[in-house]
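Novice: First the structure, then my questions, so here it is.
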């Protein structure tokens, strides 16, 4: 009885925790309370552009600098993303308005940009760069208001509001470059409930900016660094002429507004930048399609199999008629080890590693522990999890290698630990060299690279060896039928049994289940959006696993019916067919959605896409392979074989 009580208590705690994920904020991130006049520090993160895909640090451009520049210590994920968080000279105090203030240099001494600096700023404006600042860990956003296509009467009443991450560095007009040199910060605070005689406390809940370009002559500044903004109609923008020196003033103003938004939901504005309905629609669509197809496939397979097994197991009088065709014929060869068993088991080991990592990351993110407010947490978690999942990867690879009659377990373990990570590291290193050449902050610094290598050879490699050792020592998978001495001849196959046709047929169903989510993931990676819908992603992942398993079982069944017993490699390749569609989609996305024209950004896009496609192929191939292997063992265990 006490055991039952304990279990009930445990479940109650778990339910409370799950229920609480909506109401409490990210674990490990505590709110900061400000009193009036407390300084609110504004930091810069980086400059980004979806046209070049190369982030730069804030002071790569000649912005005003504070007396002492200090960079924040960063986690692995932030370094890999190209964030370089640094302090700025903006002086902002809680709930204190500022009409207009000159940022650096005295008003009678404007900032002079050299020809080189002017050229650089003009180039960054042409490449459509955005500046990203943060106040109290909230990213700055630019409000975009537009009229939606509603009826005329409603049009007058309400505008649609969307937010853009960061603010534009400047704009172009008839081939001239204009820099946004005045920033109007609008900060929203939420007043906290306090005791009567206590000083009120405030929390920052939104950070907006209105960037403006104002010519030097129009900014009237006095000796105290105060300035007056011109009337909106009469001012000319601040032009940057790349062929000569330019003089300008950097100015800013601060406006505070009270808001009803509570601190726990202050990220909602940033996250509701896209329509959520399309996700629901796509998920329901995917679920319906997948379960409909799954139902049909399962029905066909189960009914056909039952009939087959019943026929095969009938009395001997019809044995001769049945021996003519079907999957029973290849029972003596179906478990014959394939070519290159070491490479196959190594790839499957990496696939298991990826599968465990992705499953845990999505699940933890779904519980709200890897929200966008903890910068770089997702990437750091993924890197460390991949290293630690080496134990499972090694175990499965070792056991499969033993089943496939392999003997050199040490070489097999080394192959598992280095084959896929080696390819990833190689591609990333080559791409990194190009990014280094561009002096971008997206380049992984040398010490970080050494740290990653140490993690790979110091954590991942020993863990893979450990797992491989135990997997190799464990009893191999027992195959229900014996393998003949002499391999059977394979009849000539029909055209539709070709590997490539199989890949095309098998890939379409899993890809169809997830391509809408893929669009959002792509826009998060390539267009600096936030991706936060991990609940949807978890659902999509489950659908992907189900559809990959089923399609793989169907393909292996057809293959064995055609008396082709070489299914090991083929199942692995064909199950990963959706990766081919991901590649096609990535090319389509590049041509239609992105505005990339230069060589290095294109190289980066296709380099990282190649990594994504390779990882996705390993993941789906592994899921399909294990489903097919279990299926093949099941059906051959069900028939009586003399």
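Residue numbers (mature numbering (1 follows the signal peptide of the UniProt record, and there is no 0)): -23 to -1, 1 to 619.
All residues carry an ideal CB built from backbone N, CA and C; glycine is no exception.
Being a predicted model, the structure only gives us computed values, none of them experimental.
Taking the alpha helix (DSSP H) that residue 386 belongs to, which residues open and close that run?
Specialist: To locate residue 386, count along the chain shown from 1; it is residue 409. 386 to 414 is the extent of the alpha helix (DSSP H) around residue 386.
Novice: Return helix, strand or coil for residue 346, following the three-state DSSP convention.
Specialist: If you number the chain shown from 1, residue 346 lands on position 369. Looking at residue 346 - three-state DSSP - the assignment turns out to be coil, as it is neither helix nor strand.
Novice: Can you check whether the CB of residue 365 is closer than 8 Å to the CB of residue 440?
Specialist: Position 463 of the chain shown, counted from the first residue, corresponds to residue 440. Position 388 of the chain shown, counted from the first residue, corresponds to residue 365. Cβ distance < 8 Å, so residue 440 and residue 365 count as in contact.
Novice: Residue 241: which of 8, 576, 609 and 614 sits nearest, CA to CA?
Specialist: Taking the chain shown and counting its residues from 1, the one referred to as residue 241 is at position 264. For the residues 8, 576, 609 and 614, the minimum Cα distance to residue 241 belongs to 8.
Novice: So residue 156 packs on residue 212, CB below 8 Å; how close in whole Å?
Specialist: Against the chain shown, residue 156 aligns to sequence position 179. Against the chain shown, residue 212 aligns to sequence position 235. No, residue 156 and residue 212 are not in contact; Cβ-Cβ is about 14 Å, not under 8 Å.
Novice: Please name the residue or residues paired with residue 162 in a DSSP beta bridge.
Specialist: Here residue 162 is taken as the residue at index 185 of the chain shown, counted from 1. 186 and 231, per the DSSP bridge assignment.
Novice: Note down the Cα distance separating residue 192 from residue 10, rounded to an integer number of angstroms.
Specialist: To locate residue 192, count along the chain shown from 1; it is residue 215. To locate residue 10, count along the chain shown from 1; it is residue 33. Rounded to whole angstroms, residue 192 to residue 10 spans 38 Å at the Cα level.
Novice: Would you kindly work out how many angstroms separate the C-alpha atoms of residue 55 and residue 552, rounded to a whole number?
Specialist: Within the chain shown, the letter at position 78 stands for residue 55. Within the chain shown, the letter at position 575 stands for residue 552. One C-alpha to the other measures close to 34 Å.
Novice: Should residue 494 be labelled buried (16 or more other beta-carbon atoms within 10 Å of its own) or exposed?
Specialist: Counting from one through the chain shown, the residue named residue 494 turns up at place 517. Label assigned to residue 494: buried.
Novice: Find out if the Cβ-Cβ distance for the pair residue 563, residue 586 is shorter than 8 Å.
Specialist: Here residue 563 corresponds to residue number 586 of the chain shown, with the count starting at 1. Here residue 586 corresponds to residue number 609 of the chain shown, with the count starting at 1. The answer is yes: Cβ separation under 8 Å.
Novice: Using C-beta distances below 8 Å, list every residue in its chain close to residue 517, excluding the 5 sequence neighbours before and after it, in chain order.
Specialist: Here residue 517 corresponds to residue number 540 of the chain shown, with the count starting at 1. Cβ neighbours of residue 517 beyond the five flanking positions: 260, 263, 490, 491 and 494.
Novice: Which residue's Cα is closest to the Cα of residue 383: 449, 337 and 311?
Specialist: Within the chain shown, residue 383 is the residue found at index 406, counting from 1. Among 449, 337 and 311, the Cα nearest to that of residue 383 belongs to 449.
Novice: Enumerated in chain order, which unbroken segments of the alpha helix (DSSP H) with a length of 4 residues or greater are wholly contained in the segment 526 to 590?
Specialist: The segment 526 to 590 contains these whole alpha helix (DSSP H) runs: 545 to 552 and 554 to 569.
Novice: Does DSSP put residue 50 in a helix, in a strand, or in coil?
Specialist: Position 73 of the chain shown, counted from the start, is the residue given in the question as residue 50. In the structure shown, residue 50 sits in coil (DSSP, three-state: anything other than H, G, I, E or B).
Novice: Could you check if residue 248 belongs to the surroundings of the ligand FMN, using beta carbon to heavy atom distance under 7 Å?
Specialist: The ligand FMN is absent from the structure shown, which contains no ligands of any kind.
Novice: I need the boundaries of the alpha helix (DSSP H) containing residue 138, first residue and last residue.
Specialist: Residue numbering aside, residue 138 sits at position 161 when the chain shown is read from its first letter. Run containing residue 138: none in the alpha helix (DSSP H); it sits in the beta strand (DSSP E), 137 to 142.
Novice: Quick one: grab the DSSP three-state call for residue 523.
Specialist: Along the chain shown, read from residue 1 onward, the residue named residue 523 stands at position 546. Residue state, collapsed to three classes: helix.
Novice: Can you grab the Cα-Cα spacing for the pair residue 394 / residue 345, in whole Å?
Specialist: Numbered from 1 along the chain shown, position 417 holds the residue referred to as residue 394. Numbered from 1 along the chain shown, position 368 holds the residue referred to as residue 345. In a straight line, the C-alpha of residue 394 is about 31 Å away from that of residue 345.
Novice: To the nearest angstrom, report how far apart residue 247 and residue 507 are at their CA atoms.
Specialist: Numbered from its first residue, the chain shown carries residue 247 at position 270. Numbered from its first residue, the chain shown carries residue 507 at position 530. So the alpha carbons of these two residues sit roughly 8 Å apart.
Novice: Can you tell me the Cα-Cα spacing of residue 152 and residue 217, whole angstroms?
Specialist: Along the chain shown, read from residue 1 onward, the residue named residue 152 stands at position 175. Along the chain shown, read from residue 1 onward, the residue named residue 217 stands at position 240. If I take the Cα positions, the gap works out to 11 Å.
Novice: Thinking C-beta only, is residue 36 closer than 8 Å to residue 46?
Specialist: Within the chain shown, residue 46 is the residue found at index 69, counting from 1. Within the chain shown, residue 36 is the residue found at index 59, counting from 1. For residue 46 and residue 36, yes; Cβs fall inside 8 Å.
Novice: Is residue 116 helix, strand or coil when you go by DSSP?
Specialist: Residue 116 sits at position 139 when you count from the first residue of the chain shown. Reduced to three states, the DSSP call for residue 116 is strand.
Novice: Could you check whether residue 484 and residue 378 sit closer than 8 Å to each other, using their CB atoms as the reference points?
Specialist: Counting from 1 along the chain shown, the entry for residue 378 is found at position 401. Counting from 1 along the chain shown, the entry for residue 484 is found at position 507. The answer is no: Cβ separation not under 8 Å.
Novice: If contacts are defined as beta-carbon pairs under 8 Å, then residue 24 and residue 144 qualify, I think. What distance do you get, rounded to the angstrom?
Specialist: To locate residue 24, count along the chain shown from 1; it is residue 47. To locate residue 144, count along the chain shown from 1; it is residue 167. That belief does not hold up - the Cβ atoms of residue 24 and residue 144 are roughly 11 Å apart, past 8 Å.
Novice: Roughly how far, in whole angstroms, is the beta-carbon of residue 544 from the beta-carbon of residue 533, given that I think they are within contact range, below 8 Å?
Specialist: Taking the chain shown and counting its residues from 1, the one referred to as residue 544 is at position 567. Taking the chain shown and counting its residues from 1, the one referred to as residue 533 is at position 556. The pair is a contact, with the Cβ atoms about 5 Å apart (cut-off 8 Å).
Novice: State yes or no: is the beta carbon of residue 48 nearer than 8 Å to at least one beta carbon in chain D?
Specialist: This model lacks chain D altogether, as it is built from one protein chain only.
Novice: Which term fits residue 487, buried or exposed, when burial requires 16 or more other beta carbons within 10 angstroms of its beta carbon?
Specialist: In the chain shown, residue 487 corresponds to position 510, counting from 1. By the neighbour-count rule (16 or more Cβ atoms within 10 Å), residue 487 is buried.
Novice: In the DSSP assignment, what are the bridge partners of residue 89?
Specialist: The residue you call residue 89 lines up with position 112 of the chain shown. DSSP lists 224 as partners of residue 89.
Novice: Which residues in the same chain as residue 315 place their Cβ atom closer than 8 Å to its Cβ, once the five residues preceding and following it in sequence are excluded?
Specialist: Within the chain shown, residue 315 is the residue found at index 338, counting from 1. Excluding sequence neighbours, residue 315 sits near 321, 381, 543, 545 and 546.
Novice: Per DSSP, what kind of secondary structure is residue 101 in: helix, strand or coil?
Specialist: Position 124 of the chain shown holds residue 101. It is helical.
Novice: Consult DSSP for residue 615 and reduce its assignment to one of helix, strand or coil.
Specialist: As a working note, residue 615 is residue 638 in the chain shown. Three-state DSSP puts residue 615 in a helix.
Novice: Where does residue 178 sit, in a helix, a strand or coil, going by DSSP?
Specialist: Numbered from its first residue, the chain shown carries residue 178 at position 201. In this structure, residue 178 counts as coil in the three-state DSSP scheme.
Novice: Indicate the three-state DSSP secondary structure (helix, strand or coil) for residue 29 in the structure shown.
Specialist: Reading the chain shown from its first residue, position 52 is the one you call residue 29. In the structure shown, residue 29 sits in coil (DSSP, three-state: anything other than H, G, I, E or B).
Novice: Can you tell me where the beta strand (DSSP E) with residue 155 in it begins and where it stops?
Specialist: For the purposes of this step, residue 155 is taken as the residue at position 178 of the chain shown. Taken as a continuous stretch (DSSP letters only), the beta strand (DSSP E) holding residue 155 covers 153 to 156.
Novice: Could you round the C-beta distance between residue 374 and residue 445 to whole angstroms and report it? I think they count as a contact, below 8 Å.
Specialist: Here residue 374 is taken as the residue at index 397 of the chain shown, counted from 1. Here residue 445 is taken as the residue at index 468 of the chain shown, counted from 1. Right, the Cβ-Cβ distance comes to about 6 Å (below 8 Å), so this counts as a contact.
Novice: In the DSSP assignment, find the alpha helix (DSSP H) that holds residue 201 and state where it starts and stops.
Specialist: Numbered from 1 along the chain shown, position 224 holds the residue referred to as residue 201. Here residue 201 belongs to no alpha helix (DSSP H), and DSSP marks it neither H nor E.
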